[in-house]
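Chain order of the listed sequences is A and B.
Residues 107 to 256 in this note's numbering are what the first sequence spells out, letter by letter.
Residues 85 to 507 in this note's numbering are what the second sequence spells out, letter by letter.
These notes are about the structure you will find just below.
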Amino acid sequence: MPIHVEVVTQEKKVFEEPKADMVLIPASEGEMGVLPHHAPVLTTLGFGEVVIRKGGAEERFAVYGGVVDVRPDKVVVLADLAESSFELDMQAIESARERAARLLTEGVPPELNRQAALELRRAELALKIKSRLQARGAVLRIVDQQENDE
Amino acid sequence: MATAREIKKRIRSIKNISQITRALEAVSASRVRRAQARVLASRAFAEKAWEILLNIQNMSTGGVPLHPLLTAREDVKQVMVVLITSDRGLAGAYNANIIRMAQRFAMRLNKPVRYVTVGRKGRDSLVRVGANVVAEFSYLPAEPKMADISPIARLAIDEFLSGTVDDVFIAYTDFINTLTQRPTVLRWLPLMPYRTEDRVMAEFVKDVPMVSDTRSDYEYEPDASAILEEIVPRFTELQLYQALLESQASEHSARMVAMRNASDNAVQLTADLTLEYNKARQAAITSEILDIVGGASALQQSIDDLAEAILAAASAATNGHKAPEPAPVAKADKPDDLTVIEGIGPKMASALRAAGFNLYSQLAAASEAQLVAALEAAGLRFAPSLPTWPEQAAFAARGDWDGLKQFQDQLVAGRKAHNDEGA
């Protein structure tokens, strides 16, 4: 039995695959691999990468917190922000990282400080994902490239 | 009736306006579609989040409050209404409807209301009526992001948690289709289905969709409250976000319809005014033609008079060579030409004719007093040559044209020269 996977943010449904084989979830309590017939679980997301595998192909999303609803035949990722790991905008991330790092070293009010720290963690995660992806070389994706561009 | 030029000016300005309304209509049409797509896109998260919320609520046994934003308060002292309107007008009754609705709802609540307005129109009209507007958010971007609305959500959550308000409602316009938008009040905080005994209130407030699939055998990791901590603030923001998108879709479709009506009216008005313009133009042409024709006929009249005088003179000249007998007979039919008498012009002649002096013989028999009376009747001044007219006429009546000529030669300007002095 395949798993129906949805990745959803507040603004839109980022991804949907009705027949996935396996989902890797960066839960806050630790990495979680979900196969069909998993026990129903509601868990919070940490920072990390959601990986959806189907046959030899896979799809990866960088997520930065949220909630996951796991059921025997369905996984719904409610993410605050989900970006496809293959389409991370490195330039934007790099500039965001620099800005956050500068804010942190300059010292800002606690409210902004927390936000800057978050921003920095995000950017660092994105960079890590990107470099790991580049090290692995070409990956067969679930989503058709052309289709995704539209 | 306005002149052709004025009407033409109006036609031109109406055409300019219709160009603007047409452009606005096209812009709104595309924005409706985009806003609509965004509402649909954000629905997936909302449904899922709501499902999870209900699930956790069902699971929790006993009255232990799970999350402060999920806890309804018994005693509602003050409420907040977030009123979503547009920044710009020209959207038909869109803004008026939602503002009126919000005010009626607030009146029905019968509690002190703190308003938060999103959109300039709502702010302006609430401030005008002296409502308690505690915050306003205007000129949000045309395609708002979550980040744009989170300050609004932050404000509402803070006021709710601090106990300043015990209920928060969102007054917005639900997009049903292009022609129908329904002003709606949504209970926002606490995040619980709003139940009320008041029938009228129930009509205002939109029901939250109940999710059928509420399984309760979940495991929670790390625990339920951690998950709520993640989900509740997101869901709170999302409800506002969706209300805003629905309102935007409604605004644009209301504007589209209003602008389409305006464009249609402009076309109708242009057609009517063009008709009126043509009428005015033709009326102007007609009156010009009348002027020309009138002038021409007046000219014709004087030409006719002149021709008549020349003909009469010519016939009088030929009469002189004919036998004198038949002349009076002919003259009985046709009045004599009195202008052969020196001192009588066309005007004098017509005045005399009007007084009954048609023939030379009649004039010859006339007394000076009769002639003066005839001239005065025609409003003419006394002519100095008048005393000699009967004598001159007597020559003409006899047909003695040579005699007349000789007599006239003696006259100076129609008057008898003073012979005694001249001799």
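Just so you know, even glycine gets a beta-carbon here, dropped at the ideal spot from N, CA and C.
Where does the unbroken beta strand (DSSP E) through A:E137 begin, and where does it stop? Its beta strand (DSSP E) spans residues 136 to 140.
Are A:M127 and A:G161 touching if we call contact CB-CB under 8 Å? First, the residue type needs correcting, since residue 127 of chain A is Asp and not Met in the sequence shown. Yes. Within cutoff.
State the Cα-Cα distance for the pair B:V249 and B:Q323, rounded to the nearest angstrom. When rounded, the separation of the alpha-carbon atoms in B:V249 and B:Q323 is 18 Å.
When DSSP labels each residue in this structure, what does B:F441 get in the three-state scheme? Secondary structure at B:F441: coil, using DSSP grouped into helix, strand and coil.
Under 8 Å by Cβ, that's how I've got A:T150 and B:E314 pegged, so tell me the actual separation to the nearest angstrom. Between B:E314 and A:T150 the Cβ distance is about 5 Å, and since that is below 8 Å, they are a contact.
Quick one: what does DSSP say B:V217 is sitting in, helix, strand or coil? Looking at B:V217 - three-state DSSP - the assignment turns out to be strand.
Which complete beta strand (DSSP E) runs does the segment 194 to 280 of chain B hold, if anything under 3 residues is left out? The segment 194 to 280 of chain B contains these whole beta strand (DSSP E) runs: 197 to 202, 217 to 221, 251 to 259, 265 to 273.
Measuring straight from C-alpha to C-alpha, what distance separates B:R188 and A:Q116? Our two residues, B:R188 and A:Q116, have alpha carbons roughly 32 Å apart in a direct line.
Name the residue from B:E330, B:P274, B:Q265 whose alpha carbon lies nearest to the alpha carbon of B:E243. Comparing C-alpha distances from B:E243 to each of B:E330, B:P274, B:Q265 shows the shortest one belongs to B:P274.
C-alpha gap between B:S309 and B:R339, whole angstroms: If you draw a straight line from the Cα of B:S309 to the Cα of B:R339, it is about 44 Å long.
Start-to-end residues for the beta strand (DSSP E) that takes in A:D175: First-last of the beta strand (DSSP E) with A:D175: 163 to 177.
Can you pull the chain A residues whose beta carbon is under 9 Å from the beta carbon of B:T263, in chain order? The amino acid at residue 263 of chain B is misidentified as Thr; the sequence shows Leu. The premise fails here: B:L263 is roughly 27 Å from chain A at the closest Cβ pair, so nothing lies under 9 Å.
For B:G206, count neighbouring Cβ atoms within 10 angstroms of its own Cβ and tell me buried if that reaches 16, exposed if not. The residue is buried, with at least 16 neighbouring Cβ atoms inside 10 Å.
Could you please tell me which residues of the segment 315 to 327 of chain B, in chain order, have their CB closer than 8 Å to any CB of chain A? Cβ contacts with chain A: I315, R318, E321, L322, Y325.
Give a yes or no on whether the minimum CB-CB distance between A:K118 and chain B is below 8 Å. Under the 8 Å criterion on CB atoms, A:K118 is classed as interfacial with respect to chain B.
Listed by chain order, chain A residues near B:M230 by CB distance under 7 Å: Q116, E117, listed in chain order.
Determine the direct distance from the alpha carbon of A:Q197 to that of A:R220, and round the result to whole angstroms. Whole-angstrom Cα-Cα distance: 23 Å.
So, are the CB atoms of B:F259 and B:A333 less than 8 Å apart? In this structure, B:F259 places its C-beta atom within 8 Å of the C-beta atom of B:A333.
B:I373 classed as buried or exposed, judged by whether at least 16 other C-beta atoms fall within 10 angstroms: Classification of B:I373: exposed, given that the 10 Å Cβ count is below 16.
Cα-Cα separation between B:P306 and A:E135, rounded to whole angstroms: Rounded to whole angstroms, B:P306 to A:E135 spans 7 Å at the Cα level.
Beta-carbon separation of B:A435 and B:A458 under 8 Å? Inclusion of B:A435 and B:A458 in the CB contact set at 8 Å is warranted, their separation being smaller than that value.
Rounded to whole angstroms, what is the Cα-Cα separation between B:E335 and B:Y178? Taking the straight line joining both Cα atoms gives about 6 Å.
Measuring only the C-alpha atoms, how far is B:F491 from B:Q476? One C-alpha to the other measures close to 7 Å.
Within this structure, are the beta carbons of B:L312 and B:I140 separated by less than 8 Å? Result yes, Cβ atoms of B:L312 and B:I140 sit closer than 8 Å.
Own chain residues within Cβ distance below 7 Å of B:I95, not counting five before or after: Residues T354, L357, T358, Y361 of the same chain have their beta carbon placed closer than 7 Å to that of B:I95, with the five preceding and five following residues left out of the count.
If you measure from the beta carbon of A:A133 to each beta carbon in chain B, is any gap under 8 Å? Closer than 8 Å to some Cβ of chain B, the Cβ of A:A133 qualifies, so yes.
Confirm, please, whether the CB-CB distance from A:L239 to A:A163 is below 8 Å. In this structure, A:L239 does not lie closer than 8 Å to A:A163 by Cβ.
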